[in-house]
């Protein structure tokens, strides 16, 4: 199973095996990783599963759908490497992905 | 003070159907919501998105679902208290004393929390010092646009609210518009209008910038912006407006002595009652083993919580289960029979 690493703002690192087909958000929520709220449950409607993607990974991720960039406008401190983790579906190409969790979601 | 058999907190789909169930079994109820309109997440987050898993409704949008639920409530006279957030809940003998942020008071034996993921609040600026300027020279909504006349106003955001106010205020104020990227998500006609005003130098546009600091003692005097490439810029401004949409926060619910885990309230599956007698939680905000965050589950939970309310509101009567197809009492309440 692909391994995804989540690094919290406090620099705590969690490496989790996430099943193909689940999203990076679901991997975090199911494993109680702090800092990803996912208030709307994956509907791309709230921007509270915001993550910063580690350098080198941006191009390998699923492309942004219409609406993700709009939601990121509302995220807490968005950056060029910001993504909504509910839109990142895990596959073998994402094995080893590292995401940083912002200091807060709201 | 308003006396009622049950108070529903939240006017989303679950709150609406719960109100229907309460009125159908002959109880009175009042509905409170922090938003300025009925509909909750269906209206605030996805009015145009189709929903495919409402039983017997093959496809409908969030807005259509809410309109149908409102239509279903038509036979009943229900008071909605919008723009009101419940701030305080305390025990008063056999009742609950409930107070809103506008000091409206309810006395009721039953409170049904149908609060979704909490109340919608404006998303705020991140620099800490912004808080002390809030509602003085920094706002997340415009209440009185006259105060901006002849002043410099810096507006943040890329959606319709930010664009509409930039266009509107540029008539009588010096307007700076700041957005984190070049694309705007507002209506194309408003985007075009804003761009015309930028060309005629009525609006100063700063894209790929974000707010990093606000300066001033009592009122804002200037702000620092940071560009994506690291450059910073200082802008003199009298007012700052932020339009970053709404976020959901559990808010005051957290202080009512309920069992809360991960922003949800633990309930039983017989009455959907919390650890406090007479306080129930239904819809997305409740949790129990097997909970599904589906609208249809909220309907079921609300129907059962409404029956539980009957016991506390009418302690001397016995609740009798009846069908709308056959009960003349229910048909009377629905206005289908004299």
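Protein chains in written order, with the working numbering: chain A, 1 to 106; chain B, 1 to 338. From the three backbone atoms N, C-alpha and C, an ideal C-beta is built for every residue, glycine too.
task: Verify whether the separation of the beta carbon atoms of residue 134 of chain B and residue 104 of chain B is less than 9 Å.
output: Along the second chain, read from residue 1 onward, the residue named residue 134 of chain B stands at position 134. Along the second chain, read from residue 1 onward, the residue named residue 104 of chain B stands at position 104. No. Outside cutoff.
query: Taking the C-alpha atoms as reference points, what is the distance between residue 71 of chain A and residue 229 of chain B?
result: If you number the first chain from 1, residue 71 of chain A lands on position 71. If you number the second chain from 1, residue 229 of chain B lands on position 229. Distance between the alpha carbons of residue 71 of chain A and residue 229 of chain B: 22 Å.
query: Do you know whose CA, among B:167, B:187, B:335, lies nearest residue 199 of chain B's CA?
result: Against the second chain, residue 199 of chain B aligns to sequence position 199. Selected option, being the one with the closest Cα: B:167.
- request: Below 9 Å between beta carbons is the criterion; list the residues of the stretch 33 to 51 of chain A that meet it against any residue of chain B, in chain order.
  value: Residues of the stretch 33 to 51 of chain A with a C-beta atom less than 9 Å from some C-beta of chain B are 37, 39, 40, 41, 43, 45, 46, 47, 48, listed in chain order.
- request: Give the DSSP bridge partners of residue 215 of chain B, in chain order.
  value: Stepping through the second chain from its first residue, residue 215 of chain B is reached at position 215. Partner(s): B:222.
Whether residue 266 of chain B touches residue 287 of chain B by CB criterion (9 Å): On the second chain, residue 266 of chain B is found 266 positions in, with the first residue counted as 1. On the second chain, residue 287 of chain B is found 287 positions in, with the first residue counted as 1. Yes. Within cutoff.
message: I'd like to confirm the pairing. Which residues does DSSP put opposite residue 83 of chain A in its beta bridges?
response: Stepping through the first chain from its first residue, residue 83 of chain A is reached at position 83. DSSP lists A:51 as partners of residue 83 of chain A.
task: Using alpha carbons as the reference points, say which of B:183, B:155, B:187 lies closest to residue 173 of chain B.
output: Here residue 173 of chain B corresponds to residue number 173 of the second chain, with the count starting at 1. Among B:183, B:155, B:187, the Cα nearest to that of residue 173 of chain B is on B:155.
message: Taking 9 Å as the threshold (C-beta atoms), are residue 59 of chain B and residue 50 of chain B in contact?
response: Position 50 of the second chain, counted from the start, is the residue given in the question as residue 50 of chain B. Position 59 of the second chain, counted from the start, is the residue given in the question as residue 59 of chain B. Going by C-beta atoms, residue 50 of chain B is nearer than 9 Å to residue 59 of chain B.
field: Any C-beta of chain B under 9 Å from that of residue 100 of chain A
entry: The sequence position of residue 100 of chain A within the first chain is 100, counting from 1. Cβ-Cβ to chain B under 9 Å: no for residue 100 of chain A.
message: Considering only DSSP beta bridges, list what residue 266 of chain B is partnered with.
response: By one-based count along the second chain, residue 266 of chain B stands at place 266. Per DSSP, B:287.
- prompt: What residue does the beta strand (DSSP E) around residue 327 of chain B start on, and which one ends it?
  reply: Position 327 of the second chain holds residue 327 of chain B. Residue 327 of chain B -> no beta strand (DSSP E), and no H or E assigned at all.
task: Give me whichever residues DSSP pairs with residue 6 of chain B in a beta bridge.
output: Taking the first residue of the second chain as 1, we reach residue 6 of chain B at position 6. Note: residue 6 of chain B sits in a beta bridge opposite B:29.
query: So residue 205 of chain B is in the beta strand (DSSP E); what residue range does that whole segment cover?
result: Here the question's residue 205 of chain B lines up with position 205 in the second chain. 203 to 207 is the span of the beta strand (DSSP E), which, as asked, contains residue 205 of chain B.
message: Distance cutoff 9 Å, beta carbons only. Does residue 185 of chain B sit that close to anything in chain A?
response: Numbered from its first residue, the second chain carries residue 185 of chain B at position 185. At least one C-beta of chain A is nearer than 9 Å to the C-beta of residue 185 of chain B.
message: If I follow the unbroken alpha helix (DSSP H) through residue 161 of chain B, where does it start and stop?
response: Position 161 of the second chain, counted from the first residue, corresponds to residue 161 of chain B. Counting along the chain, the alpha helix (DSSP H) containing residue 161 of chain B begins and ends at 160 to 169.
- prompt: Based on the DSSP output, what are the partners of residue 91 of chain B in its beta bridges?
  reply: In the second chain, counting from the first residue as 1, residue 91 of chain B sits at position 91. DSSP lists B:96 as partners of residue 91 of chain B.
Distance between beta carbons of residue 113 of chain B and residue 279 of chain B, contact taken as under 8 Å: As a position in the second chain, residue 279 of chain B is number 279, starting the count at 1. As a position in the second chain, residue 113 of chain B is number 113, starting the count at 1. Contact annotation, residue 279 of chain B with residue 113 of chain B: C-beta distance approximately 7 Å; criterion of less than 8 Å satisfied.
query: Is any heavy atom in the ligand SAM found nearer than 8 Å to the beta carbon of residue 5 of chain A?
result: The ligand SAM is not part of this structure, which contains no ligands at all.
field: Where the alpha helix (DSSP H) through residue 295 of chain B begins and ends
entry: Here residue 295 of chain B refers to the residue found at position 295 of the second chain. Looking at the DSSP string, the run of the alpha helix (DSSP H) that includes residue 295 of chain B is 295 to 313.
task: Identify which residue in B:317, B:111, B:82 has its Cα closest to the Cα of residue 96 of chain B.
output: One-based indexing of the second chain puts residue 96 of chain B at position 96. Of the candidates B:317, B:111, B:82, the one whose C-alpha sits nearest the C-alpha of residue 96 of chain B is B:111.
- request: My understanding is that residue 305 of chain B touches residue 18 of chain B, with C-beta atoms under 8 Å, so please give their C-beta distance in whole angstroms.
  value: Within the second chain, residue 305 of chain B is the residue found at index 305, counting from 1. Within the second chain, residue 18 of chain B is the residue found at index 18, counting from 1. 6 Å between Cβ atoms; contact.
query: Closest to residue 58 of chain A by CA distance: which of A:100, A:28, A:34 is it?
result: Within the first chain, the letter at position 58 stands for residue 58 of chain A. Nearest of A:100, A:28, A:34 to residue 58 of chain A, Cα basis: A:100.
message: Under DSSP, the beta strand (DSSP E) around residue 13 of chain A begins and ends at which residues?
response: Counting from one through the first chain, the residue named residue 13 of chain A turns up at place 13. That run of the beta strand (DSSP E) goes 13 to 17.
field: Cα-Cα separation between residue 92 of chain A and residue 52 of chain A, rounded to whole angstroms
entry: Position 92 of the first chain holds residue 92 of chain A. Position 52 of the first chain holds residue 52 of chain A. Spanning the two alpha carbons is a distance of roughly 20 Å.
query: Which residues does DSSP pair with residue 20 of chain B in a beta bridge?
result: If you number the second chain from 1, residue 20 of chain B lands on position 20. DSSP lists no partner for residue 20 of chain B.
field: Contact set between residue 8 of chain A and chain B, taken where Cβ atoms lie within less than 8 Å
entry: For the purposes of this step, residue 8 of chain A is taken as the residue at position 8 of the first chain. By Cβ distance, chain B contributes nothing, its closest Cβ being about 16 Å from residue 8 of chain A, past 8 Å.
message: Just verifying my parser: in three-state terms, what is the DSSP assignment at residue 191 of chain B?
response: As a first step, residue 191 of chain B must be located in the second chain, where it is residue number 191. Helix at residue 191 of chain B.
message: Assuming contact is defined by CB atoms lying nearer than 9 Å, are residue 76 of chain A and residue 180 of chain B in contact in what I supplied?
response: In the first chain, counting from the first residue as 1, residue 76 of chain A sits at position 76. In the second chain, counting from the first residue as 1, residue 180 of chain B sits at position 180. Cβ distance not < 9 Å, so residue 76 of chain A and residue 180 of chain B don't count as in contact.
message: With a threshold of 9 Å between beta-carbons, can residue 179 of chain B be considered close to chain A, or not?
response: Sequence index remark: in the second chain, residue 179 of chain B carries index 179 (1-based). True, the Cβ-Cβ gap to chain A drops below 9 Å.
message: What residue range does the beta strand (DSSP E) around residue 281 of chain B cover?
response: Sequence index remark: in the second chain, residue 281 of chain B carries index 281 (1-based). 279 to 281 is the span of the beta strand (DSSP E), which, as asked, contains residue 281 of chain B.
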